[in-house]
Amino acid sequence: MKHMTSLEDIKDIKISKERLIHSSNHEEILSGLTTDVYFLRTLDILRYMKLDTEIVTAEIFARKPGIFVGIEEVKNMLKDKAVEVWAIEEGEEFEAKDTLVRIKGPYKEFGVLETAMLGSLASASGWATAARRIKEACGEKTFLCFGARHVHPAVAPVMERAALIGGANGVSCVLAAKIMNIEASGTLPHAAMLIAGDTLDVAKVYDEVTPESHKRIVLVDTFKDEVEESLRIAKALGDKLFGIRLDTPSERGGVTPYLVRELRSKLDINGYNHVKIFVSGGLTPEKIRILSEAGADSFGVGSYISGAPAIDMTMDIKEVGGEAVAKRGRIPGIVENSKLKRIL
Numbered sequence: 001m002k003h004m005t006s007l008e009d010i011k012d013i014k015i016s017k018e019r020l021i022h023s024s025n026h027e028e029i030l031s032g033l034t035t036d037v038y039f040l041r042t043l044d045i046l047r048y049m050k051l052d053t054e055i056v057t058a059e060i061f062a063r064k065p066g067i068f069v070g071i072e073e074v075k076n077m078l079k080d081k082a083v084e085v086w087a088i089e090e091g092e093e094f095e096a097k098d099t100l101v102r103i104k105g106p107y108k109e110f111g112v113l114e115t116a117m118l119g120s121l122a123s124a125s126g127w128a129t130a131a132r133r134i135k136e137a138c139g140e141k142t143f144l145c146f147g148a149r150h151v152h153p154a155v156a157p158v159m160e161r162a163a164l165i166g167g168a169n170g171v172s173c174v175l176a177a178k179i180m181n182i183e184a185s186g187t188l189p190h191a192a193m194l195i196a197g198d199t200l201d202v203a204k205v206y207d208e209v210t211p212e213s214h215k216r217i218v219l220v221d222t223f224k225d226e227v228e229e230s231l232r233i234a235k236a237l238g239d240k241l242f243g244i245r246l247d248t249p250s251e252r253g254g255v256t257p258y259l260v261r262e263l264r265s266k267l268d269i270n271g272y273n274h275v276k277i278f279v280s281g282g283l284t285p286e287k288i289r290i291l292s293e294a295g296a297d298s299f300g301v302g303s304y305i306s307g308a309p310a311i312d313m314t315m316d317i318k319e320v321g322g323e324a325v326a327k328r329g330r331i332p333g334i335v336e337n338s339k340l341k342r343i344l
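Taken in order, the sequence shown gives residues 1 to 344; the numbers are from full-length UniProt numbering.
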């Protein structure tokens, strides 16, 4: 696919009537089709002025603190360009205004990719930062990211990969897990119980057809009282039951600390001390702390991570031809960060 270098290139873009998905593909991103149009106009002007090959140094910084993710995609956007690139490591914590990426080379080599680079870093860093807040709330306990259903499928793997780097112990999205070379995590949805008509029937078959190595965790809030259902399942599966999952909907008050305490108490009284309690459904760091104190062992988090706002990223030209420059309000010249490492 042709790389975008001018406003004239827009005329050659043809959108097939057979196009099934609205999201951009890899080739479209790398060729510059997702750029803001004014970068193409800039290149036309600079080319006319014979300045498009001017060596510039650009730096990317964030507007607020967070966890840095997305640089692998940025690196792939720039790997065939005549540029030098420095960046902090993926997963590194940063403060507002820290220099996160530095790019040096002819402006025409990377200018059109600014939109894609900033977007990749902003979204992924936002998701990773939310995951880190969840991890902090969990302490030594674990959590899984269940957020794929809340975002466009084109970015679901990006989001869950960022969550893993931010601190998640697993993800539900198959592609995200494959990209990270781990097994996807998940048990059974309400759909299985609703179609079969009884949670216990599903639990028994789940146990029969599942490999011994799989940790059997059964969702217990579909039909009956959660405690009653949990005891039925625990009696049937015995030591093979690893845990139960509470996902009580908000229409019934959601999962409360009182429910968790009651369930933990009755599981213990009936000899099922080994059964873990997993909780999901609209969890936030504050809810996790409360439920953890009540006795919950692990958590499934979706919308708090998937709905996290992107962390605004800005790219500034800091040197032109070796001379320090800056727009009004910014300090001219490069801003040092000892965490920066040469990556290209």
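Note that beta-carbon positions come from the ideal geometry of N, C-alpha and C, so glycine has one too.
When the cut-off is 8 angstroms and only beta carbons count, does R132 lie next to chain D? This model lacks chain D altogether; it includes just one protein chain.
Since F61 and K97 are thought to touch, with beta carbons under 8 angstroms apart, how far apart are those beta carbons, to the nearest angstrom? 5 angstroms
Distance, Cα to Cα, L100 vs A196? 52 angstroms
I'd like the span of the alpha helix (DSSP H) that includes G119, first residue to last. 114-138
Top-ranked residue by Cα proximity to I277, from E336, T210, K215, A162: K215
Answer with buried or exposed for S338, where buried requires no fewer than 16 other C-beta atoms within 10 angstroms of its C-beta. exposed
Of all the beta strand (DSSP E) runs that stay within the bounds of the stretch 40-71, which reach a length of 3 or more residues? 55-62
Let's test the definition: count the other Cβ atoms within 10 Å of the Cβ of R149 and tell me whether it reaches 16, buried, or not, exposed. exposed
DSSP beta-bridge partners for R102? E59, W86
Quick one: residues in its chain with C-beta nearer than 7 angstroms to the C-beta of V74, no 5 flanking neighbours on either side, listed in chain order? V101, M117, S120, L121
In the DSSP assignment, find the unbroken alpha helix (DSSP H) run with K327 in it and report its ends. Counting along the chain, K327 falls outside any alpha helix (DSSP H), and DSSP gives it neither H nor E.
Counting along the chain, where does the beta strand (DSSP E) carrying S292 start and finish? Per DSSP, S292 belongs to no beta strand (DSSP E); it is in the alpha helix (DSSP H), 285-294.
Exposed unless 16 or more other CB atoms sit within 10 angstroms - verdict on L263: buried
L175 versus V155: straight-line alpha-carbon distance, rounded: 11 angstroms
Would you tell me roughly how many angstroms separate the C-alpha atoms of D36 and T284, rounded to the nearest one? 35 angstroms
So what does DSSP say about R161, is it helix, strand or coil? helix
Would you decide whether T199 is buried or exposed? Buried here means 16 or more other CB atoms lie within 10 Å of its CB. buried
Going along the chain, which residues of its own chain have a beta-carbon closer than 8 angstroms to the beta-carbon of D239, five neighbours each way excluded? H274
Any idea what DSSP makes of residue 354, helix, strand or coil? For residue 354 there is no data in the structure shown, the boundaries of the chain being 1 and 344.
Is the Cβ-Cβ distance between D297 and G243 less than 8 angstroms? yes
Cα-Cα, which of I55, I343, K318, F223 is closest to R330? K318
What residue range is occupied by the uninterrupted beta strand (DSSP E) comprising S298? 298-301
Quick check on G32: buried or exposed, where buried means 16 or more other Cβ atoms within 10 Å of its Cβ? buried
Tell me, please, whether the stretch 296-312 touches the stretch 49-60 by the rule of three or more beta-carbon pairs shorter than 8 angstroms. no
Three-state secondary structure assigned by DSSP to T142: strand
Nearest-angstrom beta carbon gap, A131 and G91 [assumed within contact, 8 angstroms]: In fact, because the Cβ distance is near 11 angstroms, the residues do not count as touching under 8 angstroms.
Considering S6, what are the terminal residues of the beta strand (DSSP E) in which it resides? That residue, S6, is in no beta strand (DSSP E); it is neither H nor E in DSSP.
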